[in-house]
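A short worksheet on the structure shown next.
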Amino acid sequence: MGILMNNLSTQQRLKKINWIKRIVAMIFGVGSVAMFFLPYVQFIFQDTRYVTTGLDLLIASGFRVETEAVSALVGIPVLIRISVITGAVFALSGVALVFFQRPVLAGVSFMISSFTPLLVLISTSGIQTDVIALNISNVKVGYMVPFVYVLISGLVCAVLSLSTQGTEKLAKAVFLTFSCVSIAAVLTITVYIFSAGIPAMAQIGVFRFLFGAEWNASSGQFGILALILASICGTVGAIIIGVPIGILTAVFLTEIAKPRVAKMIHPAIELLAGIPSVVYGFFGMLVIVPAIRSVFPGQTIGDSLLAAIIILAIMVIPTIVNVTENALRAVPNSYREASLGLGATPVRTIFKVTIPAARSSILSGVILGVGRAIGETMAVIMVAGNVANMPTLLGTTRFLTTGIAMEMSYASGLHRQALFAIGLVLFIFIMIVNISFTLISRKGAKVNVR
Amino acid sequence: MFDNTSVVSVDKNQNIQPKKHQSLYQKKKHTFDIVLRIIIYTATAVTLITLVGIIGYILWNGIPHITWSFLSSPYSETRDSMKGILPMIINTLYIVVITLLISAPIGISSAIYLTQYAKQGKLVRVIRFTTEVLSGIPSILFGLFGYTVFCILFRLQTSILAGCLTMALCVLPTIIRTTEESLLAVPGSYKEGAMALGAGKFRVIIGIVLPCAMPGVLTAVILAMGRIVGESAALLFTSGLSYNMPNGFFSQIMSSGRTLTLHLYQTAREAASPNALNVAFATASVLLILIFVLNRLASLLSKILKKG
């Protein structure tokens, strides 16, 4: 009986708490609606200040900007109008839904209303663009209290109304929503890169684009064979130099060095992986480029494919060392013991037993290195010379990545679309690398299990 | 002993002189081993010398030029007396903080969903695959995407906010993966114990799983910080290259600003005088020190995680 009574009272208490939550949510929600009529955003052109309420943003046709030079009407972007009105409407409907005890729907509509200030934030820069187009450079946008209020109260109301439904459901919904964001992101990127790259390819002609030897934006020649070849040569060169060094360093760390020494060197390798690529480029620019110039006097200006290969090799080493180290450590000790027991020397054991056993994991490390080398931009841009020549070891070259980076800032029209098409080619390269990595690392996992 | 006798007996049957063969074989093996050993040592030496060379070269040339006025004054391309990096430090800070504010909640929550809620079905596989793909995309493609979507489509211009949104996409996979690993490392018995005491799933996650995995989550955030500090290609078109002194949070994130990496890139390319080069060296040193500190912090935390 006592237990039952206790249960009843807790239930009543829960009900009471839920009522309070509902009322608080409704008060906050009404506040959001009221904010629609209060000063929302202020714009400062030159010396004049425009304070606009949500209603103004919805109804007004625009701002009249008058200076000695120009007099024009700056329109309000449609996105702002839409987001202001949706903010108010959804806050109102949230209040109504809470009142009629539909907590989940109320939560969703409060959530939507809380996102609208962010949309306003994003689209106000449209006004700035228009104003800058009128040659008035100093325009400032100030956000007032309601702006922040709508954002916060929307989130508070959503959480409150959902929590009347129990924390478990609320939590699961939030976690699921967030994990869908990462899918949405990658899908958008993929779709975008394809949709932006294909038109230019179609217009130039796939064959002429991929196998055209001449890249000259001003005369409208967009052939990227030289860029593709340079990227491939640079990557292959970096792998040829970097992989043996990386694998042997990992062998030293796992098989030969004493644990104490390995523990000292390991953080250093990690640091090497963390150094920003610009710093590598800077080092290459000041040390490797002059070194190449003085080793081959008269034949090269120093900025060359060779310099890019050396820098990329250095950048690839830590990736390969890390992966190989893990792979070698995963090889069961019984393998080594068996080999040593058969009379093989330690070095023989390393090369005949340990490395072959870790083969597929090491290969996946190499592929990771390939991915890093193909995608590297800033280090290459600083040492490769960036002229779209057919790649020669000592001549200046331009990679796919640097091709985009060099011309993006001023390209327009077909030229810009061609750069997107380069991005598409790069993306396809990376996808091939990625997929082969997944396949190989899956195979590696299987071998380890066996 | 056993080995020796058997060899001898076999040899006797086949009428082969054992001694000569054995010694020759051993000798050959020995030189081969030594050569391989030397190659291994050389490779390690090359790696270490490169590392020490790069870091030593930059710090040696850069640290003497890091002064208080260098860290605390604005930058001007024309005036030699104004070569500070304060605006770049502030911009970098803004980008790191805002990017993490966007991507850390998303990344950590999706890691929680993947490890604690999701049944290991298709959806999980799709999310895993997409994060893997995201982590493989080169940063220049993120830059291209960010420029056309955030800067042009959303009309953000080249602004720090656009850079932050782009970087949030870049670091999402790092955060998701590292957090996932640390969540999976929490022993199942902890969770079962809490559940047996009557705690709901959310309770268990907030009260038991997350606190146990906290060092790992922090490692994820710090790794992401390192990535953001070191990133340049994705920010070149999105956050831009302006070096104005910030005068207000909102106005600054809506306008273009270069980070430390882009400052190094720009000063290194434009360096005409040794004085300008010194600015680049000092910036590079600041970057290296920052990365070093973040690196140490991350490995310290992972040590704590292993102990716990």
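Top line first, the protein sequences correspond to chains A and B.
Under my numbering, the residues of the first sequence are numbered 1 to 450, in order.
Under my numbering, the residues of the second sequence are numbered 1 to 308, in order.
By construction, the Cβ of each residue, glycine as well, lies at the ideal position given by its N, Cα and C atoms.
Any chain B beta carbon closer than 8 Å to residue i
i	result
A:P259	no
A:Y192	yes
A:R348	yes
A:A268	yes
A:T48	no
A:L225	no
A:G87	no
A:I173	Here residue 173 of chain A turns out to be Ala, not Ile, going by the sequence shown. Not one chain B Cβ lies under 8 Å of A:A173.
A:S360	no
A:V383	no
A:G62	no
A:F115	no
Under 8 Å from the C-beta of residue i: neighbouring residues of chain E
i	result
B:I304	You won't find chain E in this structure, because its protein chains are A and B.
Secondary structure of residue i, DSSP reduced to three states
i	result
A:I44	strand
A:G242	helix
A:G395	coil
A:F222	strand
B:L241	coil
A:K16	helix
B:N247	coil
B:L24	Low per-residue confidence applies at B:L24: pLDDT is 48, beneath 50, and the placement is therefore not dependable enough to give any value.
A:G284	helix
A:N216	strand
B:Y117	helix
B:R128	helix
B:P64	helix
A:R64	strand
B:T178	helix
A:Y149	helix
A:T164	coil
Close Cβ partners of residue i (< 8 Å) along its chain, the five nearest in sequence each way excluded
i	result
A:L424	I193, F194, A196, G197, I198 and M201
A:N18	T164
Residues near residue i by beta carbon distance below 7 Å, same chain, minus five either side
i	result
B:A280	L264, T267, A268 and A271
A:L58	R81, V84 and I85
A:M1	For A:M1, the predicted structure reports a pLDDT of 46, less than 50, and the residue's modelled location is therefore unreliable. The matter cannot be settled from this model.
B:I106	L172
B:H21	Its pLDDT being 47, under 50, B:H21 is placed unreliably in this model, and the coordinates cannot settle the point.
B:S76	M82
Check whether residue i and residue j have beta carbons under 8 Å apart
i	j	result
A:I317	A:I256	no
A:G365	A:A313	no
A:S71	A:A91	no
B:P246	B:I98	no
B:N278	B:G226	no
A:C157	A:F36	no
A:I381	A:T402	yes
B:T259	B:L235	yes
A:A185	B:F202	no
A:L394	A:F296	yes
B:Y190	B:I206	no
B:G216	B:E181	yes
Residue-chain proximity (residue i, chain A), Cβ-Cβ < 8 Å
i	result
B:P215	no
B:L36	yes
B:H21	With a pLDDT of 47 at B:H21, under the threshold of 50, the modelled position of this residue cannot be trusted; read the value that follows with caution. No, because no Cβ of chain A sits closer than 8 Å to the Cβ of B:H21.
B:S191	For the record, residue 191 of chain B in the displayed sequence is Lys; it is not Ser. No, because no Cβ of chain A sits closer than 8 Å to the Cβ of B:K191.
B:I54	yes
B:N244	no
Residue i - containing alpha helix (DSSP H), residue span
i	result
A:M257	The question names Met, but residue 257 of chain A in the sequence shown is Ala. Note, A:A257: premise wrong, no alpha helix (DSSP H); not H, not E.
A:G343	A:G343 -> no alpha helix (DSSP H), and no H or E assigned at all.
B:S81	Per DSSP, B:S81 belongs to no alpha helix (DSSP H) and is neither H nor E.
A:I310	L305 to A330
A:F194	T167 to I204
A:N386	Segment: none, A:N386 is in no alpha helix (DSSP H) and carries neither H nor E.
B:C151	First-last for B:C151: undefined, no H or E at that position.
B:M225	L210 to G230
B:R269	L260 to E270
Range of the contiguous beta strand (DSSP E) that encloses residue i
i	result
A:A72	S71 to G75
Cβ shell of residue i (< 6 Å), same chain only, five flanking positions each side left out
i	result
A:A358	A327, L328 and V331
A:A308	G234, V380, V383 and A384
B:M167	T99 and I228
B:L197	none
B:I102	A168
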